[in-house]
Amino acid sequence: MPETLTDQELVRRAKAQRLRAQGQDPYPPRCERTHTIAEARHGYENGEIANNHAVSLAGRLISIRIMGRASFAHLEDGTGRIQLFFRKDALGDASYEAFKGDLDLGDFVGATGTLFTTKTGEVTVSVERWQLLAKAMHPLPDKWHGLKDVETRYRQRYVDLLVNPDVRRVFVTRARLIAALRRFLDSRGFLEVETPILQPIYGGAAAKPFMTHHNPLDQDLYLRISFELYLKRLLVGGYERVYEIGRDFRNEGVSFKHNPEFTQLEFYQAYADYNEVMRITEEMIAYVADEVLGTRRITYQEHEIDLSPPWPRLALRRAILERTGIDYDQHPTAEGLYQAIRAIGGNVEPKATRGKLIDALLSNYVEPHLIQPTFLTDYPLEVSPLAKMKPGHPDTVERFEGFVGGMEICNAFSELNDPEDQEARFIAMGRDAAAGDEEAHPMDDDFLRALRYGMPPTGGFGMGIDRLTMLLTNQASIREVILFPHLRSKE
RNA sequence: GGGCCGCUAGCUCAAUGGCAGAGCACCUGCCUUUUAAGCAGGGAGUUGAAGGUUCGAGUCCUUCGCGGCUCACCA
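Quick note on numbering: the first sequence equals residues 23 to 513 in our numbering.
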């Protein structure tokens, strides 16, 4: 609903009304276009388009300079910008006056004419005829300062995109990155699949879900928090390599690296273990960087980072010991570990479980220092309910997380395929849930039944695509790599 | 949820508690190779919202809304 119109909106409305009164459609259904702007420019520069050969271009008018009986303007389409030159004697009085009177910055315009080079050296279209293609009713932001207000940039992303080419570039990179991931996995024989987003039982991660309801079946449903349990069912079904790229939903706070819905890649490879998955991971990330950026050396927030494999492997226990002096193996109880953390001045939740305390040590003391790519390995079983135990270490699982630029970007493990062990872990989590842990997994009987049919030894992997995009586009906030990030509603 | 910062014209930003301004954009006029075109003139505001203090509030106080950063939880 338009509220009160500004003076500029009233002017544009009046122009559109005037055109309609003259029988002209400000939004015609078709236009003439023989070349993109990039094609016209390159064709002219390499001689393929002759000086007397007319081209028809279409795009948005982004600048106008009127100098009496001649004018310059810039036209922008998805491929670039080019200057237009309008002359009264070439166009005729009516067409030239209409150009001056009917057009505004932001309008879409089609222009036909020949190419020439101005005396300042700019390739320019000498316009012979032009047509309004779509009237813009709202003025563009400042042509020099652009749109800076972060809130407006996110709420009205279309304005951000149309005025800030760098922002457009980020999302092109994001799309290429996802395409490169698919090429990498496809070339290794992975099958891309789709699993339910609406799930009767959620699972596969420690997170609070969104709830919804299916009215005809009168059934409560959850938006998925991960793909894991469904993808593993597919391994039971006989597919040996599967992956899914899609949206996960977690009912938690927003931050510079969290959005309630985010894009995840998960893959599962039968007969692989977590060591094999580490090798795949470092190759995959390096491949994507090569494909998208042409280099494995990236700059992220003042850091020069080399993504080339192999990445160092470091046991989580050693990493925490080196950064804090705390060996959590020496503190087998939550209370003891809590006291040790207090002793080094750490501020943690007193009633946290031992696993959560270890996780806090990782996040607070280790993660920020992992700038160069690093795999931390061998996590506590207690915080890894779907990962296989490390032989000979009953409290530890074969799990790793990958860190780059001080951020966790992926999480993977040798998948637990022992149905009895899995059932025991679900039961233990049921106790956690009863004790008030809102992020504990609920029991998934059908998943257990699937495991009882037999799942091959499997390596599994999950990665936040948004965070990888942040790294490869050097963006400090996840909102800069999500087209329409979650914001609180106004009013 | 806590702390800090911000919200003024379409956009980018000013304004000791004392007449709400500038640049871009817009409107009128001049201008046939300009490019942040230029020159002359003009219009444009519920200063995020609501209260309060004051002779007087964009400015000070309170509450609220939205955003950013940051801490706590997560990927």
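All C-beta atoms in this analysis are idealised placements derived from N, C-alpha and C, irrespective of residue type, glycine included.
Exercise. Do Ala62 and Leu155 have their CB atoms nearer than 8 Å?
Worked result: Between Ala62 and Leu155, the CB-CB gap reaches or exceeds 8 Å.
Exercise. From which residue to which residue does the beta strand (DSSP E) around Gln291 run?
Worked result: Looking at the DSSP string, the run of the beta strand (DSSP E) that includes Gln291 is 283-292.
Problem set entry | Gly114 versus Gly102, Pro354, Arg151, Phe130, residue with shortest Cα-Cα distance | Closest option to Gly114, Cα to Cα, is Arg151.
Exercise. Applying the criterion that 16 or more other CB atoms from any shown protein chain within 10 Å of the CB defines a buried residue, is Ala510 buried or exposed?
Worked result: The question names Ala, but residue 510 in the sequence shown is Arg. Label assigned to Arg510: exposed.
For this session: Can you have a look at Met23 and say buried or exposed, based on whether 16 or more other CB atoms are within 10 angstroms of its CB?
Result: Any reading at Met23 needs caution, since the residue's pLDDT is 33, under 50, leaving its predicted position unreliable; the model's value is listed next. Exposed, since its Cβ has fewer than 16 Cβ neighbours within 10 Å.
For this session: Identify whether Asp99 lies in helix, strand or coil by the three-state DSSP scheme.
Result: Strand at Asp99.
Problem set entry | Buried or exposed by the 16-neighbour rule on C-beta atoms within 10 Å, applied to Thr146 | Buried.
For this session: Go ahead and pull the three-state DSSP assignment for Lys412.
Result: Under the three-state reduction of DSSP, Lys412 is assigned to strand.
For this session: Use the C-beta contact count for Lys254: other C-beta atoms within 10 angstroms, 16 or more gives buried, fewer gives exposed.
Result: Its Cβ being crowded by 16 or more others within 10 Å, Lys254 is buried.
Exercise. Are the Cβ atoms of His75 and Thr26 separated by less than 8 Å?
Worked result: No, they are not a contact pair.
Exercise. Taking the alpha-carbon positions, what's the Asn68 to Met429 distance?
Worked result: Between the C-alpha atoms of Asn68 and Met429 there is a straight-line separation of about 46 Å.
Problem set entry | Within 8 Å, strictly: CB atoms of Phe249 and Glu274 | 8 Å or more divides the Cβ of Phe249 from the Cβ of Glu274.
Problem set entry | Reference Gly100, options Phe121, Ala92, Arg191, closest by Cα | When each option's Cα is compared against that of Gly100, the closest is Arg191.
Problem set entry | Distance, Gly90 Cα to Asp111 Cα | The alpha-carbon separation between Asp111 and Gly90 amounts to approximately 12 Å.
For this session: In the DSSP assignment, find the unbroken alpha helix (DSSP H) run with Ala43 in it and report its ends.
Result: Its alpha helix (DSSP H) spans residues 29-43.
For this session: Just grab the DSSP bridge partners of Phe94 for me.
Result: Phe94 pairs with Arg87, Phe107.
Exercise. Tell me, which residues are paired with Leu79 by DSSP?
Worked result: Answer is Ala133, bridged to Leu79.
For this session: Determine the DSSP secondary structure at Pro372, reduced to helix, strand or coil.
Result: DSSP places Pro372 in coil when its eight states are reduced to three.
Exercise. Val217 by DSSP, collapsed to three states: which one?
Worked result: The residue you asked about is not Val; residue 217 is Thr in the sequence shown. Note: Thr217 maps to coil in three-state DSSP.
Problem set entry | Asn386 in three-state terms, based on DSSP | Of the three classes helix, strand and coil, the one that applies to Asn386 here is helix, per DSSP.
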